[in-house]
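Once you know that position 122 of the sequence shown is 122 in our numbering, the rest is easy, because the numbers rise by one and skip nothing.
We put the CB at the ideal spot given by N, CA and C, even for glycine.
Reviewing the structure listed below.
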Amino acid sequence: MLVTSINNSLPEGEKLVSFLMDLLNLSRESAYRRIRNEIPFTFEEVIAISLKLGLSLDEIAGQEQKNRAFFDLPVPKSADPLDVYSEIVDVAAEIYKKMQKSKESEIFFTANQLPFPYYMLYENLSKFYYYKWIHKTQEVPLNFYLSEFSPPSQVSTVHKRYRYAATKVNQVTAILCPSFILSTVKEIIYFYRRRLITKEELFLLQEDLYKVINKLENDTRKGVDENGVKTDLYCSTLNIASNSIWFRHDNETGTQFWTYTDPITVYNTEVSKRHKMWIDSLLKYSTLISQSNEIQRSEFFNKQNEYVKNIESLTL
Numbered sequence: 001m002l003v004t005s006i007n008n009s010l011p012e013g014e015k016l017v018s019f020l021m022d023l024l025n026l027s028r029e030s031a032y033r034r035i036r037n038e039i040p041f042t043f044e045e046v047i048a049i050s051l052k053l054g055l056s057l058d059e060i061a062g063q064e065q066k067n068r069a070f071f072d073l074p075v076p077k078s079a080d081p082l083d084v085y086s087e088i089v090d091v092a093a094e095i096y097k098k099m100q101k102s103k104e105s106e107i108f109f110t111a112n113q114l115p116f117p118y119y120m121l122y123e124n125l126s127k128f129y130y131y132k133w134i135h136k137t138q139e140v141p142l143n144f145y146l147s148e149f150s151p152p153s154q155v156s157t158v159h160k161r162y163r164y165a166a167t168k169v170n171q172v173t174a175i176l177c178p179s180f181i182l183s184t185v186k187e188i189i190y191f192y193r194r195r196l197i198t199k200e201e202l203f204l205l206q207e208d209l210y211k212v213i214n215k216l217e218n219d220t221r222k223g224v225d226e227n228g229v230k231t232d233l234y235c236s237t238l239n240i241a242s243n244s245i246w247f248r249h250d251n252e253t254g255t256q257f258w259t260y261t262d263p264i265t266v267y268n269t270e271v272s273k274r275h276k277m278w279i280d281s282l283l284k285y286s287t288l289i290s291q292s293n294e295i296q297r298s299e300f301f302n303k304q305n306e307y308v309k310n311i312e313s314l315t316l
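Structure representation (structure tokens):
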């Protein structure tokens, strides 16, 4: 199981024996003996492999205990905010990268607010997302204006990496809260009322939100997104408690939870199974609006557009 997990995670073209020799400072014979399972990997070696390949202990050790699961929340390697943010986005993209070598892959995600990937599609929302993250996680002055804030080019780079990785999945099923856009609208109004964003910036963000809604509406009408990924969108009747992702690539499954800003990932089979059961249960209280149920689809998107249209006057 350990050797298989390592092999599946190696960069293309890299040999297993060379990887182990270089990383663990082993002779060729010692590396082969570990590969043949003649001698076990030490705990320190397992940790070194886990850190190097970005694997969770569930993956690397094949941990399948039903009474305990390892959750993967990487500790940032740097204190620099830009490096921390970049690592968060790259960790979130990791599940998509694992799908690139898979013949079959699918993702289910539940969202009670605008899903993270949609912020990255449009310039003003992308800037606002990073601005919010800085505002919430760093010590900033009271007059921390969006107009005076310029995201480093690295932010755009990591966003592009995430978007590219997300095109490698075969199918996406999304379950959205009936007022999923409202949370973002309220955040924009908060910063506007604090006079940290200007009226011009407010209108630019409003325009980007319209673009998000139009994109989703087009995806539901066609049943695929612009990259050809099959997309099924459901509107939940019930409010959704948390943002989460369940994913499968070939025969492996996993779960990712979004708490505040950092994604927490778990590859434990039992946790994944329970999470999928919860999603399947939520589907019973949801309506498929991709290529079907046109009345409900129209009502859903009209409601989101109404929230955005009333962005200045909406009561918090």
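What are the boundary residues of the alpha helix (DSSP H) that residue i is part of?
| i | result |
| --- | --- |
| V91 | 81-97 |
| K211 | 199-222 |
| K309 | 294-309 |
| R161 | 153-166 |
| E352 | Absent from the model: residue 352. The displayed extent of the chain is 1 to 316, so no value can be given. |
| F19 | 16-24 |
| F191 | 182-193 |
| D30 | In the sequence as displayed, the identity of residue 30 is Ser instead of Asp. Start and end: 28-35. |
| L10 | Here L10 belongs to no alpha helix (DSSP H), and DSSP marks it neither H nor E. |
According to the Cβ coordinates, are residue i and residue j closer than 8 angstroms?
| i | j | result |
| --- | --- | --- |
| A48 | L26 | no |
| R163 | M120 | yes |
| I188 | L205 | yes |
| I35 | V84 | no |
| H135 | V89 | no |
| L182 | Y307 | yes |
| S9 | L53 | yes |
Can you give me the C-alpha to C-alpha distance between residue i and residue j, rounded to a whole angstrom?
| i | j | result |
| --- | --- | --- |
| S281 | R274 | 11 angstroms |
| K309 | F180 | 15 angstroms |
| K222 | V172 | 14 angstroms |
| Y118 | T287 | 21 angstroms |
| E12 | R194 | 50 angstroms |
| T220 | W258 | 24 angstroms |
| S298 | S86 | 37 angstroms |
| E312 | I213 | 18 angstroms |
| E64 | C235 | Confidence at E64 is low in this model, with a pLDDT of 45, below 50, so its placement is unreliable and the value that follows should be read with caution. Between E64 and C235, the C-alpha separation is close to 34 angstroms. |
| I245 | T137 | 23 angstroms |
| G228 | I197 | 36 angstroms |
| E109 | F191 | In the sequence as presented, Glu is not what sits at residue 109; that position holds Phe. F109 and F191: Cα-Cα distance of roughly 28 angstroms. |
| L20 | A31 | 6 angstroms |
| T231 | I289 | 10 angstroms |
| I279 | Y96 | 20 angstroms |
| Y122 | D208 | 6 angstroms |
| C177 | T237 | 7 angstroms |
| F301 | T253 | 32 angstroms |
| Q296 | L233 | 12 angstroms |
| L202 | F144 | 16 angstroms |
| K66 | L55 | Legend: pLDDT at K66 = 49, less than 50; position of this residue unreliable, value from coordinates given subsequently. Rounded to whole angstroms, K66 to L55 spans 20 angstroms at the Cα level. |
| Q291 | L82 | 40 angstroms |
| Q100 | V17 | 23 angstroms |
| L142 | M277 | 45 angstroms |
| I175 | E38 | 48 angstroms |
| A165 | S242 | 23 angstroms |
| V271 | E106 | 17 angstroms |
| N7 | T157 | 28 angstroms |
| N251 | V140 | 46 angstroms |
| V155 | Y130 | 8 angstroms |
| T167 | E14 | 24 angstroms |
| L316 | P40 | For L316, the predicted structure reports a pLDDT of 47, less than 50, and the residue's modelled location is therefore unreliable. The matter cannot be settled from this model. |
| E224 | N218 | For the sequence presented, residue 224 should be read as Val rather than Glu. Those two C-alpha atoms are separated by around 9 angstroms. |
| F116 | K211 | 15 angstroms |
| S5 | S147 | 46 angstroms |
| Y267 | Y285 | 27 angstroms |
| K303 | E44 | 54 angstroms |
| N293 | E226 | 22 angstroms |
Taking only beta-carbon atoms, is residue i less than 8 angstroms away from chain C?
| i | result |
| --- | --- |
| Y190 | Annotation note: the requested chain C is absent from the structure, which comprises a single protein chain. |
Mind reading off the beta-carbon distance from residue i to residue j? Whole number of angstroms is fine, and I expect it under 8 angstroms.
| i | j | result |
| --- | --- | --- |
| N239 | N112 | 7 angstroms |
| N170 | E94 | Contact flag wrong, Cβ pair sits at about 18 angstroms. |
| P263 | A92 | 5 angstroms |
| Q256 | T265 | 5 angstroms |
| H249 | K98 | 5 angstroms |
| P325 | K127 | Within the shown structure, residues of the chain are numbered from 1 to 316, placing residue 325 beyond reach of any answer. |
| L114 | T184 | 4 angstroms |
Beta carbon of residue i: closer than 7 angstroms to some heavy atom of the ligand PLP?
| i | result |
| --- | --- |
| L114 | Although the ligand PLP was asked about, the structure shown includes no ligands whatsoever. |
Could you spell out the range, first to last residue, of the beta strand (DSSP E) harbouring residue i?
| i | result |
| --- | --- |
| V172 | 171-176 |
Kindly provide the ranges of any alpha helix (DSSP H) runs that are 4 or more residues long and lie completely inside the segment 216-290, ordered along the chain.
Taken in chain order, the unbroken stretches of alpha helix (DSSP H) that lie wholly in the segment 216-290 and span 4 residues or more are 269-283.
Unbroken stretches of the alpha helix (DSSP H), 4 residues or longer, contained in the segment 94-139
Runs found: 116-119, 123-137.
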